[in-house]
Amino acid sequence: MAVTIKTAHEIELMRESCKRLAVVHDEIGKMIRPGISTWELDKKAFDLIKELDGTPNFLHLYGYPATICASINEVVVHGIPSKKTILKEGDIIGIDMGLIYKGYHSDAARTYGVGHISEEDAQLIRVTKQSFFEGIKYARAGNHLHDISQAIQNYAESFGYGVVRDMVGHGIGTALHEDPQIPNFKVPGKGIKLRAGMTLAIEPMIDAGTWEVEILEDDWTCVTLDGSKSAHYENTVLITDGDPEILTLYRDGKEV
Ligand code: MG
Numbered sequence: 029m030a031v032t033i034k035t036a037h038e039i040e041l042m043r044e045s046c047k048r049l050a051v052v053h054d055e056i057g058k059m060i061r062p063g064i065s066t067w068e069l070d071k072k073a074f075d076l077i078k079e080l081d082g083t084p085n086f087l088h089l090y091g092y093p094a095t096i097c098a099s100i101n102e103v104v105v106h107g108i109p110s111k112k113t114i115l116k117e118g119d120i121i122g123i124d125m126g127l128i129y130k131g132y133h134s135d136a137a138r139t140y141g142v143g144h145i146s147e148e149d150a151q152l153i154r155v156t157k158q159s160f161f162e163g164i165k166y167a168r169a170g171n172h173l174h175d176i177s178q179a180i181q182n183y184a185e186s187f188g189y190g191v192v193r194d195m196v197g198h199g200i201g202t203a204l205h206e207d208p209q210i211p212n213f214k215v216p217g218k219g220i221k222l223r224a225g226m227t228l229a230i231e232p233m234i235d236a237g238t239w240e241v242e243i244l245e246d247d248w249t250c251v252t253l254d255g256s257k258s259a260h261y262e263n264t265v266l267i268t269d270g271d272p273e274i275l276t277l278y279r280d281g282k283e284v
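So the mapping is simple: the working numbering equals the position in the sequence shown, first residue as 1, plus 28.
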């Protein structure tokens with residue numbers, strides 16, 4: 029699939045989709061506390077997306093059974109919500125979700141501490157988030173895609189963390205997963221040249237220990253091979269001739 033360049037009209041629809049997702053993320057973020065089940069978070073996300081005239085885009089994609097991915101501690105991504113999975117004080121949880129609005133997809137992830145967490149875990153969450161911002165310093169027209177990848181990797185590895193290799197970010201638009209793939213680590217070649225109008229889901233997945241992961245028997249849950257904790261941070265980003273627009277970081281109608 030070719031990398032798509034969105035028209036002004038399509039960009040407006042991407043903005044609307046992403047703003048709605050930002051609202052849902054904020055609401056789910058407020059619910060994170062010890063004692064709540066990941067099923068409750070999933071149910072609320074489904075209801076909120078519907079209220080905002082959206083459609084959950086993870087649900088049923090490749091057979092995925094839920095609206096959100098709720099990935100606790102050593103789970104890197106694709107943790108399936110369950111009534112039996114109850115958040116505990118000291119856990120960290122990645123919430124990844126997206127929606128479709130008028131045919132356009134949005135995708136974003138946040139990692140939260142549950143109650144009081146260790147300074148070690150707080151740093152993993154902070155560094156993962158910052159690695160996204162280090163990456164998008166290079167996300168502008170004329171640069172090459174892998175400039176972003178390298179910046180994310182350099183920053184995360186400077187803390188001794190492992191950068192997940194098995195999963196990558198992606199283009200996004202009328203499909204959740206469009207070209208190009210966006211690695212969070214250095215790969216051969218410079219990658220495509222970035223152009224204004226590209227919309228990209230940039231999503232570092234960073235482990236406290238090894239970058240190696242495995243998939244559990246449910247064929248979804250992705251965990252670190254060494255059991256170390258993992259964090260995830262993602263936004264849908266619009267490439268422009270100047271600074272990128274972070275479409276999924278809106279609060280009260282403003283970019284934050
Ligand atoms: Mg994504």
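Positions of the beta carbon are idealized from the N, C-alpha and C atoms, including for glycine.
Between the CA atoms of Lys34 and Leu41 - distance to the nearest angstrom: 10 Å
Here's the rule: buried if 16 or more other CB atoms are within 10 angstroms of the residue's CB, otherwise exposed. What is Ala184? buried
Compute every distance between the C-beta of Glu231 and the non-hydrogen atoms of the ligand MG, then say whether any falls below 6 Å. Of the heavy atoms belonging to the ligand MG, at least one sits nearer than 6 Å to the Cβ of Glu231.
When you compare the region 106 to 113 with the region 152 to 167, are there three or more beta-carbon pairs, one atom per stretch, that lie closer than 8 Å? Of all C-beta pairs linking the region 106 to 113 to the region 152 to 167, fewer than three are shorter than 8 Å, placing the two stretches out of contact.
Residue range of the alpha helix (DSSP H) that His174 falls in? Leu173 to Glu185
State buried or exposed for Ile243, treating a residue as buried only when at least 16 other CB atoms are found within 10 Å of its CB. Exposure of Ile243 is indicated by the presence of fewer than 16 other C-beta atoms within 10 angstroms of its C-beta.
Do you know offhand how far Glu44's Cα is from Glu262's? 17 Å
Tell me whether Asp207, by its Cβ, gets closer than 6 Å to a heavy atom of the ligand MG. no
Compare the Cα-Cα distances from Thr276 to each of Asp81, Leu76 and Ala50 and report the closest residue. Ala50
Could you check how far apart the C-beta atoms of Ile120 and Ile96 are, in whole angstroms? I think they sit under 8 Å. Between Ile96 and Ile120 the Cβ distance is about 15 Å, and since that is not below 8 Å, they are no contact.
When the Cα atoms are used, what is the spatial distance from Thr139 to Ala30? 31 Å
By DSSP, does Ile60 sit in helix, in strand, or in coil? Three-state result, Ile60: coil.
Can you tell which of Gly63, Gly190, Val191 and Leu127 has its C-alpha closest to the C-alpha of Lys111? Gly63
Which residue wins for smallest C-alpha separation from Arg168, given the options Lys47, Val196, Thr268 and Asp70? Thr268
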